Every structure is written in structure tokens, then in C-alpha cells.
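Data block below; observations after.
Residue numbers (the working numbering), protein chains in the order written: chain A, 1 to 221; chain B, 1001 to 1204.
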């Protein structure tokens, strides 16, 4: 019995594989649809602590000019505002300001930490997406073959003709031409050099391997 | 020249089919391995999500505290006003010049428009905003909004994909137990009966 997979029960090859191709494709699409969109990019938090993210600053300046306030470090008089000591006028206000600065520093640190984790999480998503790509690559051809199957056939590969002739290359030599069908695919012609004789046990393995390669190449195109 | 008899063709078809069968089995084995990897990645993702949620909570607590302090500070009558205003008047032109230079060098387009907008903005701003680090607080809040948005987008696309993968991996083909009527889903917490694919799901 050359039909495998009987352990899966009465399902035939077609029932078993056919839906997978579309499902893997759907899962890939669901993952990829946002993957490369700007909405998926984690924000760059460098600029909240005065880092050099020029693009973010440009965006802020265009949006509402607040980006300009980040340049206060370059103006001595602006810096002096931050150093104004009002404790003589109101000590409790100064203490509150100190508390604000402390919680601000902590919030900035935690925002940075959160962003790093968000990026790790994003990497995990990208890993899953690439695994889905692999799943597709590994399985696609099986599923597509199943899709080509109209009804039960004892053979996955059927040899239609085997002919021998002289090749039309610059150095003519005898070759064997084998026409095969994989499931219900279009006929695929495989050319085997004379050195691999039909008596060689590897002959049909070479034919089948080449036929499968040809089929997968066509499907990828 | 036709070389072989019908019997030989049949024998060749059998040999070739055996090869294809082996390749299908190999593909299936590969798929099982990838499935295991996907499940492992998903477990790691879940762990990371818990850490992420904890970090989010900590960040939001700190943000709330910052906002509270800001509100309280704003409620105080402004002090040192004269000193601050004098410094602010000298700060503004420098800030404008520095910003315009930066914009022309780095951001290129539309400097004229930005110049007018900036002047208006600075005239409406208060040195007190600087004094309490209002710009840093605004950046933090904007970042918080963006981070929430990014996480929502990621979760949304992942949930859609895992819904489909759950269906896929629930198939009896993947569970390896043909007689089972219930099986564990790697991505959800529920146990569901097997799905029978609707006609529309089939490619053909």
C-alpha cells in the first residue's frame, strides 16, 4: 500500500491537506498586515531624555512647536529658569517641585524600560511571523498538490511515457525523457542523462526528485 | 523511442510514488517541528506579556504621581514671577533662533511657517511651564499614548493570527490522535470539539 497516513483515519489526502494552505495564508496575512505599518513601530523614547532623535523633534516642531522647548539646554537664560530658587517665597512649593522632579525621573526611566520590553515583544511577534513563513514554505507544496487532486488515485506520481533520443545541445548525447504527472498536475517532462540507466535503482528517485523540484519551482513563480 | 511496457510504467509509477510519499512524510515532520516552535514562542510571548503588563502598571503609577504633583504645583500661586519673566524674555529669542537653525538644517521644509507658529507659541507660553518641566511631562504623556497604540495594534494582529492557528493545529492531523473528540488548543485556554471545515474554507 503506497498510500500513507492511514493512521489519521478515513480522511483522504485531499480532505486532510486542502484547507491548510488557505489557513496558513490567512494567518500570515493577519500577522503581516500591520507588521510593517508605521503604527507597528515602537516609539523612540530617546528624545524624552534629551537624546538625539532628530526626526521626532522635527515632527513635534511641525505639529505644535513644543519640540523647540527641547533646545532649552542650548540657551543659558532658559537654563537659568530651571535653577530659580523660590524656597524663600514658598518652601512647600519648592518641596513639591522636588517631588515632581523625582517622580518625573522615575516615570522617564520606567517609560524607557517599558519601551525596551515592548520591542522584545515585537521581536517575538516577528519570530512567530517568520515561523509562519517557514510553515508555508514547508507545507505549501503538499497542500497545493492536494488541491490538484480530483479523486482517489493509487499513485502520487504517474509515469506516462519514457522515450530515448539524442539531445540538441552543442555536444549531442543520448538522454532519457520521462513524462510524469504529480497527482492531477500538468505533465512534467524530466530529462535524465544516459549515464543514469533505467536499471539503476536511483533512476526513479532521480525522476521523482526532479519532478518535485520542477513542480515547486513553478508554484513559487 | 518508447522504451517501456505498461507493466514497467506501472512499476516506475510505484517507485516514484514511494519517493513522493517519503517527501510528504518529511514535510509533515517538518511542519510538526515548526508547530512545536510556534507553541514554544507563544509560551515565551505569554511570559513576556505578563512582564510587560507589570512594567506598564509601574510606568502608569509613576505617570499618575507625576501628573498629581504637577496639578498640585499648578494650584500654588505663582512665585518668583519677576525673576522668571525677566529670564524668559531673554530666553525666548535664543530659543527661537536655535530652533529655526535646527529646523532649517535638519527638517528642511516649511521653515517660514514654522517660524511664525513658533513665535506665537513662545508668546503664549509661560516660564512656569519650563520651571515645572512641563515639556518633559508632555513628552511622557505623548509616549504613553503611542506605546498603548503600538501594543493594541500588535495584540490585534496576533489575536487574529492565533485564532486561525488554533483552528489549524486543532485539526486531527496535528493532534496525531484520530479517535480523539476533544483536544488541547495551544493558544487558547478552552477545549473545543473538532471543527468541520465549511465548503467556503476549501480552496476549490
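All C-beta atoms, glycine included, are put in the ideal place defined by N, C-alpha and C. For clarity, every value in this text was computed on a predicted model and none was experimentally measured.
- request: Kindly list, in the order they appear in chain E, the residues whose Cβ is closer than 7 angstroms to that of residue 1112/B.
  value: No chain E appears in this structure, whose protein chains are A and B.
task: Just grab the DSSP bridge partners of residue 165/A for me.
output: 175/A, per the DSSP bridge assignment.
- prompt: Where do the N-terminal and C-terminal ends of the alpha helix (DSSP H) with residue 1041/B fall, by residue?
  reply: First-last of the alpha helix (DSSP H) with residue 1041/B: 1006-1075.
message: Just to confirm before moving on: does the CB-CB distance between residue 1052/B and residue 107/A stay below 7 angstroms?
response: Cβ atoms of residue 1052/B and residue 107/A: not closer than 7 angstroms.
- prompt: Cβ atoms of residue 1037/B and residue 226/A: under 7 angstroms apart, would you say?
  reply: Because chain A is modelled from 1 through 221, residue 226/A falls outside the range shown and cannot be assessed.
field: residue 2/A, DSSP secondary structure in three states
entry: Any reading at residue 2/A needs caution, since the residue's pLDDT is 38, under 50, leaving its predicted position unreliable; the model's value is listed next. DSSP places residue 2/A in coil when its eight states are reduced to three.
- prompt: Going by beta carbon distance, what residues of the same chain come within less than 7 angstroms of residue 1224/B, once the five residues before and after it are set aside?
  reply: A query on residue 1224/B cannot be resolved here, the shown segment of chain B reaching from 1001 to 1204 and no further.
task: Measure the C-alpha to C-alpha separation of residue 192/A and residue 1034/B and round it to an integer number of angstroms.
output: When the Cα atoms are used, residue 192/A and residue 1034/B turn out to be separated by approximately 35 angstroms.
field: Supposed contact pair residue 215/A and residue 141/A - C-beta distance, whole angstroms, cut 8 angstroms
entry: Correct: roughly 7 angstroms between the Cβ atoms.
Neighbourhood of residue 203/A by C-beta, 8 angstroms cutoff - its chain only, sequence neighbours within 5 removed: Correct list, in chain order: 192, 196 and 197.
Boundaries (first-last residue) of the alpha helix (DSSP H) holding residue 191/A: Counting along the chain, residue 191/A falls outside any alpha helix (DSSP H), though it belongs to the beta strand (DSSP E) covering 188-193.
- prompt: With distances taken between CB atoms, is the gap from residue 207/A to residue 1009/B smaller than 7 angstroms?
  reply: No, Cβ-Cβ distance for residue 207/A and residue 1009/B is not below 7 angstroms.
query: Can you list the residues of chain B that residue 70/A reaches, using a CB-CB cut of under 7 angstroms?
result: Neighbours of residue 70/A on chain B, chain order: 1135.
- prompt: With distances taken from CA atoms, which of 1006/B, 1012/B and 1157/B is nearest residue 200/A?
  reply: In terms of CA proximity to residue 200/A, 1012/B leads the group 1006/B, 1012/B and 1157/B.
query: What does a CB cutoff of less than 7 angstroms around residue 258/A pick up in its chain, not counting 5 residues either side in sequence?
result: Residue coverage of chain A in this structure runs from 1 to 221, which leaves residue 258/A outside it and unanswerable.
message: Please identify the residue among 1004/B, 1169/B, 1161/B and 1170/B whose C-alpha is closest to the C-alpha of residue 30/A.
response: For residue 30/A, the closest alpha carbon among the candidates 1004/B, 1169/B, 1161/B and 1170/B is that of 1161/B.
field: Through-space distance from residue 1169/B to residue 1102/B, alpha-carbon basis
entry: Whole-angstrom Cα-Cα distance: 55 angstroms.
message: Give me the chain B residues within the contact set of residue 54/A, using Cβ-Cβ distance strictly less than 7 angstroms, ordered along the chain.
response: Neighbours of residue 54/A on chain B, chain order: 1106.
- prompt: Who are the Cβ neighbours of residue 129/A in its own chain at under 8 angstroms, not counting the five residues just before and after it?
  reply: If we look at residue 129/A and ignore the five residues flanking it on each side, its Cβ neighbours are 28, 31, 32 and 35.
field: Bridge partners - residue 158/A, DSSP secondary structure assignment
entry: Partner(s): 181/A.
query: Where does residue 1118/B land, buried or exposed, given buried means 16+ other C-beta within 10 angstroms?
result: Burial state of residue 1118/B is buried, judged by a 10 Å Cβ sphere holding 16 or more other Cβ atoms.
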